[in-house]
Amino acid sequence: MSTVSSQGSAGSRSSVTTPAPAASLNAPPGVIILAKAIVARESELQGQITIGGGTIVHPSARILAENGPIVIGDGNIIEERVTIRNVFPVNEDGSSRTLYIGSKNLFETFSVTEGNIGDLNTISCKARVGKATTLRNGCVVGVSCAVDSAETIPDNMFIYRNGENIERRTSDFNQTPPSIDDHLEFLQKQLPNYHYILKTST
Numbered sequence: 000m001s002t003v004s005s006q007g008s009a010g011s012r013s014s015v016t017t018p019a020p021a022a023s024l025n026a027p028p029g030v031i032i033l034a035k036a037i038v039a040r041e042s043e044l045q046g047q048i049t050i051g052g053g054t055i056v057h058p059s060a061r062i063l064a065e066n067g068p069i070v071i072g073d074g075n076i077i078e079e080r081v082t083i084r085n086v087f088p089v090n091e092d093g094s095s096r097t098l099y100i101g102s103k104n105l106f107e108t109f110s111v112t113e114g115n116i117g118d119l120n121t122i123s124c125k126a127r128v129g130k131a132t133t134l135r136n137g138c139v140v141g142v143s144c145a146v147d148s149a150e151t152i153p154d155n156m157f158i159y160r161n162g163e164n165i166e167r168r169t170s171d172f173n174q175t176p177p178s179i180d181d182h183l184e185f186l187q188k189q190l191p192n193y194h195y196i197l198k199t200s201t
């Protein structure tokens with residue numbers, strides 16, 4: 000905001016306050032936001048990114064397509080201070096690799112994801128999925144757990160910390176993030192009341 004002073008005919012000075020230009024609500028270059036996605040303007044979006052319909056991106060979340068595109072599916076919740084980034088090495092022919100995130104995943108605060116993710120997974124607070132790891136469907140990576148091995152983690156795997164050790168067990172059922180549909184509906188209604196939301200591309 001700036002103030003401009005002017006001098007009247009009687010020598011008195013008056014000031015006119017001009018508002019600062021409004022920040023753009025358009026998505027950054029290279030970013031596609033599909034219908035019904037809620038993406039806070041205060042998030043950091045870099046590179047070629049597609050954000051699927053109904054996905055929620057909170058303020059201070061970082062989605063960084065550093066080495067190639069990122070494609071995010073529908074109905075994900077990406078909380079504050081989450082980092083999702085494509086740091087894949089390039090292919091032998093020099094082309095870039097795409098990082099794929101499926102649908103209805105929950106990324107909790109301070110988690111970092113660099114590997115491909117399927118559907119219905121929970122990446123818990125301060126957890127990390129490295130670029131060498133692919134996570135399939137219905138998995139939970141527990142609080143402060145890191146997985147960076149060159150493997151595909153099968154469906155319904157629960158990765159958790161037991162003292163200093165990180166252990167795994169499988170479940171007989173899909174470990175869908177609890178109440179994710181209700182959580183999505185709540186955030187889609189409430190987040191625009193408190194934050195500027197980027198315009199969708201369609």
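Just so you know, numbering that gives the first Met the number 0 puts 198 at position 199 of the sequence shown, and the rest follows in order with no gaps. Each residue gets a CB set at the ideal place from its N, CA and C atoms; glycine is no exception.
* Asked: beta strand (DSSP E) containing Tyr159: first to last residue?
  -> 156-161
* Asked: Can you name the start and end residues of the alpha helix (DSSP H) that Glu41 belongs to?
  -> Segment: none, Glu41 is in no alpha helix (DSSP H) and carries neither H nor E.
* **Inter-residue Cα distance where the pair is Arg205 and Thr199** => With the chain represented from 0 up to 201, any question about residue 205 goes unanswered, as that position is not in the structure.
* Given a threshold of 16 other Cβ atoms within 10 Å of its Cβ, counted over all protein chains shown, does Phe185 qualify as buried or as exposed? -> exposed
* What residue does the alpha helix (DSSP H) around Asn115 start on, and which one ends it? -> First-last for Asn115: undefined, no H or E at that position.
* **CA nearest to the CA of Arg61, picked from Cys138, Ile83, Ile31, Gly93** => Ile83
* Tell me which same chain residues have a C-beta within less than 6 Å of the C-beta of Asp154, skipping the five on either side of it? -> Arg135, Asn136, Gly137
* Over the uninterrupted beta strand (DSSP E) stretch that includes Glu150, give me the two end residues. => 150-152
* Asked: For Glu166, which three-state DSSP category applies?
  -> strand
* Asked: Mind checking whether Val86 and Ser95 have CB atoms under 7 Å apart?
  -> no
* For chain B, find out if any of its Cβ atoms is closer than 7 Å to the Cβ of Ile152; answer yes or no. => In the structure shown, chain B does not exist; there is a single protein chain.
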